[in-house]
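Peer 1: Here it is, the structure in full.
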Amino acid sequence: MTPNDIAAKLTGLATKYHIRDVTLLAGRLLMSFIFLHEGVTLATHFDGAAKAMAAQGVGLPLFVATIALQLGAGLSVASGLLTRLGGIGLGLFCLATALLFHINFANQNELLHFEKDLAISGGMFVLAAVGAGRLSLDWLLARYLQKRQRDKEMLAALLAVENEVTLDVRLPV
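Residue numbers for the sequence shown follow my numbering, so the first one is 44 and each next one is one higher.
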């Protein structure tokens with residue numbers, strides 16, 4: 044089997060199984076896991092987490108908003124519903140977290156968290172740019188809305204034809 048034959052077979056498989064969409068689904072699930080896990084952890088240990096966040100200068104309203112963002116946007120990215128919006132929200136969140144809380148580069152752990160937050164932010168911005176792919180609720184919703192629009196256009200066309208056709212029936216007298 045020549046390299047061209049192998050490339051042709053791989054291209055055929057990629058086309059058949061939509062490797063891009065499977066990859067986007069896997070990436071969405073992997074990126075959203077950290078936010079869903081952290082959001083659930085913060086919510087289930089609310090009092091202790093709120094005290095720890097207050098010690099970092101994060102007030103209760105911002106703490107609650109953080110939990111809501113992590114859970115809401117995390118579910119958005121995982122399910123593929125409003126994925127671009129969820130990706131932008133989480134990307135900005137990670138960027139802000141890196142720049143506000145992980146700037147002590149003398150500490151190797153802080154530098155690692157800074158770099159991790161930047162990497163996740165970049166991944167979320169890429170996701171926002173390319174969308175969720177076909178294995179998502181966004182795609183299903185778009186298909187449904189397109190079908191509804193086609194149905195409305197067909198109905199309007201049928202009604203227009205019906206209104207143009209007039210039967211002139213005359214009875215013989």
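The beta-carbon is built from N, C-alpha and C at its ideal position, and this holds for glycine as well.
Remember, predicted model here, so these are calculated numbers, not experimental data.
Would you mind listing the alpha helix (DSSP H) stretches within the region 85–131 that are 4+ residues and don't spill past its ends, in chain order?
Peer 2: Entirely contained in the region 85–131, the alpha helix (DSSP H) runs reaching 4 residues are, in chain order, 89–98 and 103–122.
Peer 1: For histidine 61 and leucine 85, what's the separation of their Cα atoms in angstroms?
Peer 2: Whole-angstrom Cα-Cα distance: 37 angstroms.
Peer 1: Would glycine 132 and leucine 105 qualify as a contact pair, given that the criterion is a beta-carbon distance under 8 angstroms?
Peer 2: Not a contact, by the Cβ cut-off of 8 angstroms.
Peer 1: Pop quiz: leucine 161 and alanine 139 are said to be a contact at Cβ under 8 angstroms. What is the actual Cβ separation, rounded to whole angstroms?
Peer 2: With 8 angstroms as the limit, leucine 161 and alanine 139 do not qualify as a contact, their Cβ atoms being about 11 angstroms apart.
Peer 1: Ordered along the chain, which non-local residues of its own chain (more than five positions away) have a Cβ less than 6 angstroms from that of methionine 167?
Peer 2: Excluding residues within five positions, the ones whose Cβ falls inside 6 angstroms are Gly130, Leu133 and Gly134.
Peer 1: Taking only the alpha-carbon atoms, compute the straight-line gap between arginine 213 and glutamate 205 and give it to the nearest angstrom.
Peer 2: The alpha-carbon atoms of arginine 213 and glutamate 205 are separated by roughly 20 angstroms.
Peer 1: Just mark phenylalanine 148 as buried or exposed, buried being the case when its beta carbon has 16 or more other beta carbons within 10 Å.
Peer 2: It counts as exposed.
Peer 1: Just how far apart, CA to CA, sit leucine 68 and alanine 175?
Peer 2: Rounded to the nearest angstrom, the two C-alpha atoms are 7 angstroms apart.
Peer 1: Taking valine 161 as part of the alpha helix (DSSP H), name the residues at either end of that continuous run.
Peer 2: The amino acid at residue 161 is misidentified as valine; the sequence shows leucine. It spans 151–173 - the alpha helix (DSSP H) in which leucine 161 sits, taken as one unbroken run.
Peer 1: Is it true that the region 181–198 meets the region 150–159, where meeting means three or more beta-carbon pairs spaced less than 8 angstroms apart?
Peer 2: Contact fails: fewer than three Cβ-Cβ distances are below 8 angstroms.
Peer 1: Just checking my contact of glycine 82 with glycine 117 at CB under 8 angstroms: how many whole Å lie between their CB atoms?
Peer 2: At roughly 6 angstroms, the Cβ-Cβ gap stays under 8 angstroms, so glycine 82 and glycine 117 are in contact.
Peer 1: Tell me which residues share the same chain as leucine 183 and place their Cβ nearer than 7 angstroms to its Cβ, disregarding the 5 neighbours each side in the sequence.
Peer 2: So the list is empty, once near-sequence residues are dropped.
Peer 1: On the CB-based measure, 16 or more other CB atoms within 10 Å of its CB, does phenylalanine 89 come out buried or exposed?
Peer 2: Exposed, because fewer than 16 other Cβ atoms sit within 10 Å of the Cβ of phenylalanine 89.
Peer 1: What span of residues does the alpha helix (DSSP H) with leucine 184 cover, start to end?
Peer 2: Residues 180–207.
Peer 1: In three-state terms, what does DSSP make of phenylalanine 148?
Peer 2: Reduced to three states, the DSSP call for phenylalanine 148 is coil.
Peer 1: Excluding the 5 residues flanking glutamine 151 on each side, which residues of the same chain have their C-beta closer than 6 angstroms to its C-beta?
Peer 2: Correct list: empty, nothing qualifies.
Peer 1: So which of Leu170, Ala172, Phe144 and Ala171 has the shortest CA-CA distance to lysine 159?
Peer 2: Comparing Cα positions, the closest option is Phe144.
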